[in-house]
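First to last, the sequence lines map onto chains A and B.
Each residue of the first sequence is one higher than the one before, counting from 14 in our numbering.
Each residue of the second sequence is one higher than the one before, counting from 14 in our numbering.
Virtual Cβ for every residue (Gly too), placed ideally from N, Cα, C.
Number of protein chains: 2
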Amino acid sequence: MTKGNGRSATSRALDLLGAFTIEHPTLTLTELATRCAMPLATAHRLVAALEAWGALERNTDNRYQIGTRLWEIGLLSPVPRRMREIALPFMQDLYEKSKENIHFAVRDGHETLYIAKLTGHQAVPIISREGNRLPMHSTGVGKALLAFSSKEFIDTYCARPLARYTRHTIVEPGRLRRELAVTRERGYSLTNEEMTLGSCSVAVPVFDARGEIAASLGVVVHSVRDNLTKYVPDLKAEAAKIAKMMIAHHCDPYPGFVHDLPQGV
Amino acid sequence: MTKGNGRSATSRALDLLGAFTIEHPTLTLTELATRCAMPLATAHRLVAALEAWGALERNTDNRYQIGTRLWEIGLLSPVPRRMREIALPFMQDLYEKSKENIHFAVRDGHETLYIAKLTGHQAVPIISREGNRLPMHSTGVGKALLAFSSKEFIDTYCARPLARYTRHTIVEPGRLRRELAVTRERGYSLTNEEMTLGSCSVAVPVFDARGEIAASLGVVVHSVRDNLTKYVPDLKAEAAKIAKMMIAHHCDPYPGFVHDLPQGV
Chain A
14 MTKGNGRSAT SRALDLLGAF TIEHPTLTLT ELATRCAMPL ATAHRLVAAL
64 EAWGALERNT DNRYQIGTRL WEIGLLSPVP RRMREIALPF MQDLYEKSKE
114 NIHFAVRDGH ETLYIAKLTG HQAVPIISRE GNRLPMHSTG VGKALLAFSS
164 KEFIDTYCAR PLARYTRHTI VEPGRLRREL AVTRERGYSL TNEEMTLGSC
214 SVAVPVFDAR GEIAASLGVV VHSVRDNLTK YVPDLKAEAA KIAKMMIAHH
264 CDPYPGFVHD LPQGV
Chain B
14 MTKGNGRSAT SRALDLLGAF TIEHPTLTLT ELATRCAMPL ATAHRLVAAL
64 EAWGALERNT DNRYQIGTRL WEIGLLSPVP RRMREIALPF MQDLYEKSKE
114 NIHFAVRDGH ETLYIAKLTG HQAVPIISRE GNRLPMHSTG VGKALLAFSS
164 KEFIDTYCAR PLARYTRHTI VEPGRLRREL AVTRERGYSL TNEEMTLGSC
214 SVAVPVFDAR GEIAASLGVV VHSVRDNLTK YVPDLKAEAA KIAKMMIAHH
264 CDPYPGFVHD LPQGV
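Put into structure tokens, the structure is as follows:
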């Protein structure tokens, strides 16, 4: 009995945490219960336990949000923490030269997961956030990850519907395949207002010890600024240093990146 | 029935997450059960639910660690996220001038909670980490937070045992009180190898709309480098900009900072 209830209660409590997104960072009890298809009484009971521990906190509008304690615990996750510790100093060097948004990302499932971001006052405002996910076909770091993935993964990705974000997003599978071939050929990806109007990007792959794609490093600039290719030499140099450090420290990419391949294929 | 089991199962599952620390980022099932004073069977059942959801993941040594999914969810916590979004660009400006470790911290209970950190290749290696806690009496940002706290809070803090980290740590309440008075007087804190041998720091307070201490901003450099006071003008300028932005965006400090005051008093 305890087993059944216990397991399901834990899973339901985790579902409540999973209901929060960057688009919906705060939710009422009713919204939480609805999103999790849960009786209000159950949601109320589980939310109370989550709030008591600090996983959730109530804001001044009496809406629930992820608690600072969960932020602290989440930062203990070794994979993103070690990748950040390795990548950030090199990203810092790139930022100092460019003063633009610098991204370090990995693939998770069919999405781009942003592990680290550096930005400043002069950088163009963009929607990317650390710990946030964006598509692979419409972002620079995503295209770099996709272009150097296995043929099987690319086939799977291109067979899925390609969401359009701007009139420049590549949504035709054939065109995306040609774009990825060109990206592999020249060794870096380019986007031109494909995710957000007004910003364009360039990114390079970061390879692991087996020579497989592990992550990607990119710069996002305002689309009216001069040519992106000028960033490629620095991006490649820093990407090589990050790859070397990751290999030296046996820092594997985000586990999902490897684990989900069977499903990806 | 379900209620009792449900609530306790959720709380026990959260206890398992809380067992991980920066000193112990990976734990075996047995270690988890021991730390949470939980029967192995219960721990096994709850860990399975946590792992299935992605809150925990098992590494190659078959040890458990906080999962990347929890890292993603934790980053949705609005308070640290908004404070980081506001502070980081100004910290970036400080980093570019100094090339040293830059810290932005708040007080939580009787500890210094590091909200944001910028570092590079040239900065002295230090133990601070984003989301990590360090004492208030032995760190620059901590002393700045403590010095500008209420007399009641300072009394409470000084009445508690002051842990020694190096031979330079101030562990005598009277000496700490005098140090805090000097800090208030001159408007910035200084530490000299009080947390870690080889590093010293300078920090300034960040005030909220009520003129109360909300956070602190500091620089940590190698102790042999030249005088720290040269950083004070830039620190004060950036701290003022951060305070202005926090007030404009109604960005309250970490709730614990206010909520725990009654206990603090």
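- Assignment of beta-bridge partners to ILE115(A) by DSSP yields LEU131(A) and VAL232(A).
- For the beta strand (DSSP E) assignment, the uninterrupted runs of no fewer than 3 residues enclosed by the segment 121 to 168 of chain B are, from N- to C-terminal side, 124 to 131 and 146 to 148.
- For a Cβ distance threshold of 9 Å, nothing in chain B lies close to ILE255(A): the least Cβ distance comes to about 12 Å.
- When rounded, the separation of the alpha-carbon atoms in SER212(A) and VAL233(A) is 7 Å.
- Distance from ALA50(B) to LEU40(B) at the Cβ level is roughly 14 Å; contact not present, criterion being Cβ atoms closer than 8 Å.
- PRO218(A): member of the beta strand (DSSP E) spanning 212 to 220, first to last residue.
- In the three-state reduction of the DSSP assignment, TYR170(A) falls in the helix class, which pools H, G and I.
- Residues of the segment 45 to 69 of chain B that bring their beta carbon within less than 8 Å of a beta carbon in chain A comprise THR55, ARG58, LEU59, ALA61, ALA62, LEU63, ALA65, TRP66 and ALA68, in sequence order.
- Neighbours of THR132(A) in chain B, taken as residues whose beta carbon is under 8 Å from its own, are LEU101, PRO102 and GLN105 in chain order.
- Of all residues in the segment 81 to 92 of chain A, those with a C-beta nearer than 9 Å to a C-beta of chain B are THR81, ARG82, LEU83, TRP84, GLU85, ILE86, GLY87, LEU88, LEU89, SER90, PRO91 and VAL92, reading in chain order.
- Segment contact: the segment 65 to 82 of chain B against the segment 85 to 98 of chain A, three or more CB-CB distances shorter than 8 Å; contact assigned.
- Under the 10 Å beta carbon count, LYS156(A) is surrounded by 16 or more other beta carbons and is classified as buried.
- The C-beta separation of GLY153(B) from LEU193(B) comes to about 13 Å, leaving the pair out of contact by the 8 Å criterion.
- In this structure, the CA atom of ARG120(A) is about 32 Å from the CA atom of LEU107(B).
- Contact between the segment 130 to 141 of chain A and the segment 219 to 238 of chain A is present, with at least three C-beta pairs closer than 8 Å.
- Under the criterion of beta carbons closer than 8 Å, HIS181(B) and GLU198(B) do not qualify as touching, at roughly 21 Å.
- For ILE35(A), the neighbours in chain B by C-beta distance under 7 Å run, in chain order, LEU89.
- Look at THR39(B) here: in three-state DSSP terms it is strand.
- Per the C-alpha coordinates, the member of VAL219(A), HIS123(A) and LEU63(A) positioned closest to LEU147(A) is HIS123(A).
- Assigned with DSSP and collapsed to three states, ARG71(B) falls in strand.
- Chain B places no beta carbon closer than 8 Å to that of ILE260(A), leaving this residue out of the contacts.
- Under the DSSP assignment, ILE79(B) falls in the beta strand (DSSP E) whose first and last residues are 77 to 79.
- Residue contact check for LEU27(B) against chain A: a CB pair falls below 8 Å.
- Excluding residues up to 5 positions away in sequence, ARG142 and ASN145 lie with their Cβ nearer than 8 Å to the Cβ of ILE35(A) in the same chain.
- Between GLU109(A) and GLU109(B), the C-beta gap is smaller than 8 Å, which places the two residues in contact.
- Assignment of THR242(B) by DSSP, reduced to helix, strand and coil, places it in the helix class.
- The Cβ-Cβ distance between LEU29(B) and LEU53(B) does not fall below 8 Å.
- The CB of SER24(A) comes closer than 8 Å to the CB of ALA62, ALA65 and TRP66 in chain B, given here in chain order.
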